[in-house]
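Mapping of the sequence shown onto this note's numbering: residues 1 to 203, in sequence order. Structure first, then comments.
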Amino acid sequence: IRVTQNKIGRYEIRGELGGGAMGTVYLGHDSALDREVAIKVIQADKAQDADLRRRFEHEAKILAKIGDANVVGVFDHGDHGGAPYIVMERLRGEDLKAALQAARSISLDRRLEVVNSVLGGIAAVHAAGVIHRDIKPANIFLCADGTVKVVDFGVARLSAATASAEGSIVGTPDYMSPEQAQGAPITERSDLFSVGSMLCELL
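So this is what it looks like as structure tokens:
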């Protein structure tokens with residue numbers, strides 16, 4: 001869905017940060033708290049299933065309660081023109097995929113620090129009963145202040161629910177656990193396999 005007005009809910013839209021097959025991320029301003037936020041609006045045709053929408057909203061609520069330094073903060077969620085959206089903290093920096101593609105010098109200590117931070121974030125998420133399903137460099141954000149954030153939980157969950165209904169496999173093959181690649185039920189260990197695959201790439 002494309003935003004044709006300058007507001008989503010109570011948030012003023014100030015630009016577009018990016019997008020993909022599942023939706024678009026906008027730069028928004030929360031006037032109530034006077035802060036910038038990132039608003040991810042999911043395509044309406046990806047969220048027609050009522051049970052899928054319920055699970056998406058439930059997961060947004062869980063993530064909003066986690067409050068871990070290595071997990072992107074979720075502030076709010078709602079519906080915009082038939083499409084669900086989540087409101088997250090505005091991150092500045094770049095994702096790990098972009099950093100690797102730029103062939104920028106990243107020390108071994110920093111690479112291990114990134115993986116350790118990801119494990120910390122994943123542990124907090126798993127403790128809350130959530131499985132990410134799509135851990136990969138593009139979903140690891142390196143903030144300008146040095147903090148590492150795991151992002152894209154909601155979209156990963158939404159993608160999985162949508163694809164399951166169609167009998168297809170969701171995830172990124174290079175980082176996917178064998179059970180996920182086979183379309184079998186997954187557990188927290190699937191996320192750990194993906195972290196391990198990412199670690200091998202970094203090393």
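Backbone N, C-alpha and C fix where the C-beta goes; we use that ideal spot for every residue, glycine too.
How many Å lie between residue i and residue j at the Cα?
| i | j | result |
| --- | --- | --- |
| Val-130 | Asp-76 | 17 Å |
| Asp-68 | Asp-152 | 15 Å |
| Ile-66 | Ala-144 | 22 Å |
| Gly-147 | Asp-79 | Per the sequence presented here, residue 147 reads as Thr, with Gly not at that position. So the two alpha carbons sit approximately 30 Å from each other. |
| Arg-110 | Val-118 | 12 Å |
| Gly-93 | Leu-142 | 6 Å |
| Thr-162 | Ile-122 | Its pLDDT being 47, under 50, Thr-162 is placed unreliably in this model, and the value from its coordinates should be taken loosely. Thr-162 and Ile-122: Cα-Cα distance of roughly 23 Å. |
| Leu-108 | Ser-177 | 25 Å |
| Phe-193 | Ile-186 | 11 Å |
| Glu-188 | Glu-59 | 15 Å |
| Glu-166 | Gly-18 | Residue placement at Glu-166 is poorly supported in this model, since its pLDDT is 45, which falls under 50; the coordinates still yield a value, given next. Going from the Cα of Glu-166 to the Cα of Gly-18 covers about 26 Å. |
| Asp-51 | Glu-57 | 10 Å |
Please say whether residue j and residue i have beta carbons closer to each other than 7 Å?
| i | j | result |
| --- | --- | --- |
| Val-74 | Ala-64 | yes |
| Gln-43 | Gly-23 | yes |
Could you spell out the range, first to last residue, of the beta strand (DSSP E) harbouring residue i?
| i | result |
| --- | --- |
| Leu-112 | Per DSSP, Leu-112 belongs to no beta strand (DSSP E); it is in the alpha helix (DSSP H), 108–127. |
| Asp-76 | 74–80 |
| Val-25 | 23–30 |
| Gly-18 | 11–19 |
| Val-87 | 83–89 |
Could you spell out the range, first to last residue, of the alpha helix (DSSP H) harbouring residue i?
| i | result |
| --- | --- |
| Lys-97 | 96–101 |
| Ala-181 | 178–181 |
| Val-71 | Counting along the chain, Val-71 falls outside any alpha helix (DSSP H), and DSSP gives it neither H nor E. |
Closest to residue i by C-alpha separation, out of the options, would be which residue?
| i | options | result |
| --- | --- | --- |
| Tyr-85 | Leu-27, Val-150, Leu-202 | Leu-27 |
| Ala-124 | Asp-30, Asp-191, Leu-33, Leu-203 | Asp-191 |
| Leu-202 | Arg-90, Ile-106, Lys-149 | Ile-106 |
| Met-88 | Lys-7, Asn-6, Val-41, Arg-54 | Val-41 |
| His-126 | Ala-83, Glu-113, Val-150, Val-114 | Val-150 |
| Lys-61 | Thr-24, Lys-7, Thr-172, Ala-128 | Ala-128 |
| Asn-70 | Val-114, Asp-174, Val-25, Gly-15 | Val-114 |
| Ile-140 | Leu-91, Ala-103, Ser-31 | Leu-91 |
| Gln-48 | Ala-83, Tyr-175, Ser-31 | Ala-83 |
Check your understanding: Any chance the stretch 191–198 sits against the stretch 132–141, with 3 or more Cβ pairs inside 8 Å?
Key -> Contact holds: three or more Cβ-Cβ distances are below 8 Å.
Check your understanding: Are the stretch 90–105 and the stretch 173–182 in contact at 8 Å, needing three or more beta carbon pairs?
Key -> Two segments are said to touch when three or more pairs of C-beta atoms, one from each, lie closer than 8 Å; by this definition the stretch 90–105 does not touch the stretch 173–182.
Check your understanding: So does the stretch 8–15 actually touch the stretch 26–45, counting three or more Cβ pairs closer than 8 Å?
Key -> Touching, per the Cβ criterion.
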